[in-house]
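Residue numbers (my numbering): 24 to 159.
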């Protein structure tokens, strides 16, 4: 990933909806402190291409394909659902949060390095913002 405007682009992700994260038990959160994969049950490839923003393998129905108008907000921050204690003390562990019409909030960790607790979330947020700005 060289620039935020680079299209097409793809990277592995792990993800969950805000609703899924809100249902996590204390035991789940402790397990998430060891590996975020305990909290983020959805896995696949995040792609930005001519189809739109695609979360490959999102659910049993296959890919979740989002158009410009589907993504209403993009941010990278710790929240009550996924904070520093679970995500790591570094800012590099903040989740990419997409607000999606009809779905709600989707939390993603893009190209997460387990040992280093880093992600490409900030670069992807910039890329998605640039893509949204191309909607005409």
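Using N, Cα and C, we set each Cβ at its ideal position, and we do this for glycine too.
Checklist entry - Can you tell which of 77, 63 and 47 has its C-alpha closest to the C-alpha of residue 131? => result Within the chain shown, the letter at position 108 stands for residue 131. 63 is the residue among 77, 63 and 47 whose C-alpha sits nearest the C-alpha of residue 131.
Checklist entry - Mind pulling the alpha helix (DSSP H) runs of 4 or more residues that sit fully within the stretch 113 to 157? => result Counting only runs of 4 or more, we get 144 to 156.
Next on the checklist: Going by C-alpha to C-alpha distance, which of 74, 80 and 61 sits closest to residue 35?
Outcome noted: Reading the chain shown from its first residue, position 12 is the one you call residue 35. Looking at the Cα atoms, 80 is the closest of the given residues.
Checklist entry - Candidates 154, 116 and 126: which alpha carbon is nearest residue 59's? => result The sequence position of residue 59 within the chain shown is 36, counting from 1. Its Cα nearest to that of residue 59, the residue 116 stands out among 154, 116 and 126.
Checklist entry - What do you get for residue 118, buried or exposed, if any count of 16 or more other CB atoms within 10 angstroms of its CB means buried? => result For the purposes of this step, residue 118 is taken as residue 95 along the chain shown, with counting starting at 1. Classification for residue 118: buried.
Checklist entry - Is the stretch 32 to 46 touching the stretch 88 to 100, taking contact as three or more C-beta pairs under 8 Å? => result The stretch 32 to 46, when compared against the stretch 88 to 100, does not touch it at the 8 Å Cβ threshold.
Next on the checklist: Along the chain, where does the alpha helix (DSSP H) containing residue 44 start, and where does it finish?
Outcome noted: Counting from 1 along the chain shown, the entry for residue 44 is found at position 21. Counting along the chain, the alpha helix (DSSP H) containing residue 44 begins and ends at 41 to 45.
Next on the checklist: Assuming the contact rule is C-beta atoms closer than 8 Å, residue 78 and residue 67 should be a hit. Round their C-beta distance to whole Å, please.
Outcome noted: Within the chain shown, numbered from 1, the residue matching residue 78 stands at position 55. Within the chain shown, numbered from 1, the residue matching residue 67 stands at position 44. Indeed they touch by this definition, with Cβ atoms about 6 Å apart.
Checklist entry - Between residue 74 and the rest of its own chain, which residues show a CB-CB distance below 7 Å, the 5 nearest in sequence each way excluded? => result Stepping through the chain shown from its first residue, residue 74 is reached at position 51. Excluding sequence neighbours, residue 74 sits near 88.
Checklist entry - What span of residues does the beta strand (DSSP E) with residue 76 cover, start to end? => result As a working note, residue 76 is residue 53 in the chain shown. Run containing residue 76: 75 to 82, per the beta strand (DSSP E) assignment.
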